[in-house]
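Sequence lines, in order, name chains A and B.
Residue numbers in the first sequence follow this note's numbering, run continuously in steps of one, and reach 765 at the last position.
Residue numbers in the second sequence follow this note's numbering, run continuously in steps of one, and reach 765 at the last position.
Single-structure report; data block below.
There are 2 protein chains.
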Amino acid sequence: MKNISLQDISKSLKISKSTISIVLNDRGDEKRISKKTQEKIQKFAKKHNYKANQLARGLSRGKSDMIGLIVPNISDSFYARIARRIEYKAEKSGYNVIFSSTGESKVKESQLIQSMLDRQVDGLIIASSQKNEEDIKRLKRNNFPFVLIDRHYPNIETNYVIMDNYGGTSLAVEQLIKHGRKQIGFITLKPGLEALKERLYGYSQTMEKRGLPIKAEYIQELNYESIELKMHQVIKKIVEVPNNIDGIVFATHFLAAAGIRELRKLNIRIPMDVAIVSFGQMSAFDLIEPPITAIQLPSNEIGDKAVDVLLKNMKEADSGYEKICLKANIVIRKSCGML
Amino acid sequence: MKNISLQDISKSLKISKSTISIVLNDRGDEKRISKKTQEKIQKFAKKHNYKANQLARGLSRGKSDMIGLIVPNISDSFYARIARRIEYKAEKSGYNVIFSSTGESKVKESQLIQSMLDRQVDGLIIASSQKNEEDIKRLKRNNFPFVLIDRHYPNIETNYVIMDNYGGTSLAVEQLIKHGRKQIGFITLKPGLEALKERLYGYSQTMEKRGLPIKAEYIQELNYESIELKMHQVIKKIVEVPNNIDGIVFATHFLAAAGIRELRKLNIRIPMDVAIVSFGQMSAFDLIEPPITAIQLPSNEIGDKAVDVLLKNMKEADSGYEKICLKANIVIRKSCGML
DNA sequence: TTGAAAGCGGTACCAA
DNA sequence: TTGGTACCGCTTTCAA
């Protein structure tokens, strides 16, 4: 796909590259290029469908007009939605998005960050695996524009846009309590992610605040890789004597889905026997019987804010750090104990 | 983020850029650069964390090692899954993916294709809005490597990786028939997309083959924008006298979800009153009561094949067109009339 | 075995 | 108002 270049136009029109470049970047008036010349160039360019080579342009200008997006998994609906939003907003400001998924691997994340830097992205939006302090620190040290989303490093000061995990879980627990539940369990993933720690903390603090005891077995942590496998035992353990759980908060939407499957298999009725709340929506949660109460994550807002903050950071190198924490809402349906 | 350049190394080491370039591209042996020189260069590069500027590299080599992905909407789970897969496979071959969503707009799609070409992507994977013959033809004319996915243009010969929409719908209808349904409706989107036409065709042909009459009202077409709004009337119309539908095939997963919502509201029992099958999965379909029978789309395979075909096309300019049509499976659950 | 230099396609500064 | 030219950072050819 050989495109016409500035050189080509220059030769054909016998006008210097510089003049042409100026005109085609719409700075003809500013640079006082005569109307005639401008028209001639514009016409010729249009006719031959001239398009600047962005690689060359980027190389020359020292910026690529690309921003990099790094997420754990683009096929996760949460990140997919954020990505869509980021893409949408970035494009409005003339940026393209280049993305990659880390699969929660620190090594991969590190490679991806480097790869994007090699491609000269102008800024980075990262939902980090959070085992990657070095790279984050390096970016920071180099004053490279970036924003952390969804997950942040509590002991590194950076721009970030996250959500109120603590508050969200708190809402979930409160809701169960409101429906008279007292033995409330929390099913989550093996920690590592700050977000999950916060959710756990939100759970335990709220329980405590309400004077509800937490037995050791109330809190169950699964490995990401073996959720389906282990959910069975976990549910069984916390529902049966002596734990007698009557409410469960699931730390993620997919944990909730897996949990519901097991509750069904064990013939445990929702919400009569056990009321549940999911941290995070799934698109058919309203169709399940009973419909599932869920904490709604602000994915669109995260995407929006991330781009805003990043663009600002790209413009003014040191405008201080933006630390945004978005509230999560609860969508109340029957699974939490409605009558 | 100022990186060290070949120049810098050249100066420091007093070795020419060319030699360094060769060595750092691992062609030192091939080009008979002495071991000593190689080591010296490698060591220095590692120490100073040299990374080639991909913009410059791309400009010089005339290829960017990027492939562009254009889909209607990256936040749609179907495309998100494909994207993940494409990204995964592309990366294995050293390519990065740059993506954008068209929102089903022809104009946007056209712009995006151009934008990616401007960025010098080495190839394009496109799930086209299908109102965009010109661009596709242009790519073809220029011998630019690209693959159409999910949707193709029947009257333009190109590489494509699609799924068997006809066969999928056929499976769906057959399944309903197997459960004794005879008045089967088909709820779809206003056409435009080839895929939807094929699904419609799969429906009507199968009905005919089975000797089942199709009344005009059996086939209902909704606008993408007003699904929730219109689903109510549509369901009502086909379920009530005189149509008395006892089975429905939904042409997409979200139509199915919307349909189920309405069936519930109208107190129509699934599958006793109306049995249903969804073309396309949704992650909680197995949790709905009754669990929803669905045609499972081969998203992973589409992603895999798309990359395979594209890479091949990029390697050998005219290896002929690859036309891949993947089978869809049916996942049978209770909604289709199981007892 | 290594180096010099041209070129990839732009941008931008300085002269004219 | 326009042109010449250096430069962005890398690859590659040709000479040495």
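Cβ atoms here follow ideal geometry from the backbone N, Cα and C, with glycine treated the same way.
request  = Compute the minimum distance between the beta carbon of D434(B) and the heavy atoms of the ligand COA, and state whether it is under 8 Å.
outcome  = Annotation note on the ligand COA: not contained in the displayed structure, which lists no ligands.
task = For V497(B), write down the residues that DSSP places opposite it in a beta bridge.
result = DSSP, once it has assigned bridges, lists S527(B) as partnering V497(B).
request  = Under the assumption that I728(A) contacts L752(A) (Cβ atoms under 8 Å), give the Cβ distance between them as a whole number of angstroms.
outcome  = The pair is a contact, with the Cβ atoms about 6 Å apart (cut-off 8 Å).
query = Measuring CA to CA, which of P617(A), K489(A), K656(A), M633(A) is closest to I603(A)?
reply = Of the candidates P617(A), K489(A), K656(A), M633(A), the one whose C-alpha sits nearest the C-alpha of I603(A) is M633(A).
task = Determine whether the Cβ of S531(A) lies closer than 9 Å to any Cβ atom of chain B.
result = No, because no Cβ of chain B sits closer than 9 Å to the Cβ of S531(A).
query = Three-state secondary structure (DSSP) at F570(A)?
reply = Secondary structure at F570(A): coil, using DSSP grouped into helix, strand and coil.
query = What does N479(A) touch in chain B if you count any residue whose Cβ is under 8 Å from its own?
reply = Listed by position along chain B, the residues whose Cβ is nearer than 8 Å to that of N479(A) are L485, D544, Q546.
query = How do the segment 677-696 of chain B and the segment 680-700 of chain A stand: do at least 3 beta-carbon pairs fall below 8 Å, yes or no?
reply = With a cut-off of 8 Å, the segment 680-700 of chain A and the segment 677-696 of chain B do not count as touching, because too few Cβ pairs lie within range.
request  = Report all residues from its chain with a CB closer than 7 Å to the CB of V660(A); omit the five preceding and five following residues, and keep chain order.
outcome  = For V660(A), where only same-chain residues beyond five positions count, the Cβ hits under 7 Å are I613, Q646, L648.
ask   = DSSP on M492(A), reduced to helix/strand/coil?
value = It is a strand residue.
query = For E647(B), which three-state DSSP category applies?
reply = Looking at E647(B) - three-state DSSP - the assignment turns out to be strand.
query = With contact counted as at least three CB pairs below 8 Å, one residue from each stretch, are the segment 522-538 of chain B and the segment 486-504 of chain B in contact?
reply = The segment 522-538 of chain B, when compared against the segment 486-504 of chain B, does touch it at the 8 Å Cβ threshold.
inquiry  = With three or more C-beta pairs closer than 8 Å as the rule, is the segment 482-493 of chain B touching the segment 704-719 of chain B?
reply    = Not touching, per the Cβ criterion.
message = For a quick check, are the C-beta atoms of K472(B) and D730(B) less than 9 Å apart?
response = Cβ atoms of K472(B) and D730(B): not closer than 9 Å.
message = Between F676(B) and chain A, is the shortest Cβ-Cβ distance under 9 Å, so that the two count as touching?
response = At a cut-off of 9 Å between beta-carbon atoms, F676(B) makes no contact with chain A.
Classification of G488(A) by the beta-carbon crowding that lies within 10 angstroms, buried from 16 upward = Flag for G488(A) reads exposed.
task = Taking 9 Å as the cut-off, decide whether the C-beta atoms of T445(A) and I459(A) are in contact.
result = Yes; because the gap between Cβ atoms is below 9 Å, this pair is in contact.
task = In the DSSP assignment, find the beta strand (DSSP E) that holds V703(B) and state where it starts and stops.
result = Its beta strand (DSSP E) spans residues 701-705.
key: Cβ contact (3+ pairs, closer than 8 Å) linking the segment 667-676 of chain A and the segment 606-622 of chain A   = Result yes; three or more Cβ-Cβ pairs closer than 8 Å.
ask   = Can you list, in chain order, the residues of the segment 640-670 of chain A whose Cβ is nearer than 8 Å to any Cβ on chain B?
value = From the segment 640-670 of chain A, no residue has a Cβ closer than 8 Å to chain B.
task = Select from K760(B), L543(B), A621(B), L689(B) the residue whose C-alpha is nearest the C-alpha of Y586(B).
result = The candidate whose alpha carbon is nearest that of Y586(B) is A621(B).
ask   = Would you say the segment 594-601 of chain A touches the segment 698-705 of chain A, given that touching needs at least three Cβ pairs under 8 Å?
value = The segment 594-601 of chain A makes contact with the segment 698-705 of chain A, as at least three CB pairs between them are under 8 Å.
For K469(A), three-class secondary structure by DSSP = If DSSP states are grouped into helix, strand and coil, K469(A) belongs with the helices.
From E666(A), N726(A), A677(A), residue whose alpha carbon lies closest to that of Y650(A) = When only C-alpha atoms are compared, the closest one is A677(A).
ask   = Since R510(B) meets chain A, which of its residues come closer than 7 Å, beta carbon to beta carbon?
value = By Cβ distance, chain A contributes N499, I500, S501, S527.
message = So if I threshold CB-CB distances at 7 Å, which residues from the segment 713-733 of chain B count as touching chain A?
response = Result list: L713, I714, E715.
key: Contact set between A553(A) and chain B, taken where Cβ atoms lie within less than 8 Å   = The premise fails here: A553(A) is roughly 14 Å from chain B at the closest Cβ pair, so nothing lies under 8 Å.
inquiry  = Whether or not the segment 540-547 of chain B and the segment 528-546 of chain A are in contact is what I'm after, with contact meaning three or more pairs of Cβ atoms, one per stretch, closer than 8 Å; do they touch?
reply    = Contact between the segment 528-546 of chain A and the segment 540-547 of chain B is absent, because fewer than three Cβ pairs lie under 8 Å.
request  = Compare the C-beta of Y747(B) against all C-beta atoms of chain A and say whether one is closer than 9 Å.
outcome  = Nearest CB-CB separation between Y747(B) and chain A: not below the 9 Å threshold.
task = Label P724(A) either buried or exposed according to how many other C-beta atoms from any shown protein chain fall within 10 Å of its C-beta, with 16 as the threshold for buried.
result = The residue is buried, with at least 16 neighbouring Cβ atoms inside 10 Å.
query = What does N568(A) touch in chain B if you count any residue whose Cβ is under 7 Å from its own?
reply = Those are M427, listed as they occur along chain B.
ask   = Is the CB-CB distance between E583(B) and S555(B) below 9 Å?
value = For E583(B) and S555(B), no; Cβs fall outside 9 Å.
request  = Could you please give me the residues that DSSP links to C751(A) through a beta bridge?
outcome  = Answer is I588(A).
task = Give a yes or no on whether the C-beta atoms belonging to P618(B) and K557(B) are separated by under 9 Å.
result = Residue 618(B) is actually Gly in this sequence, not Pro. For G618(B) and K557(B), yes; Cβs fall inside 9 Å.
key: Whole-Å CB distance - M708(B) paired with S709(A), under 8 Å assumed   = Contact flag correct, Cβ pair sits at about 6 Å.
Residue range of the unbroken beta strand (DSSP E) whose run includes L550(A) = L550(A) -> beta strand (DSSP E) spans 549-552.
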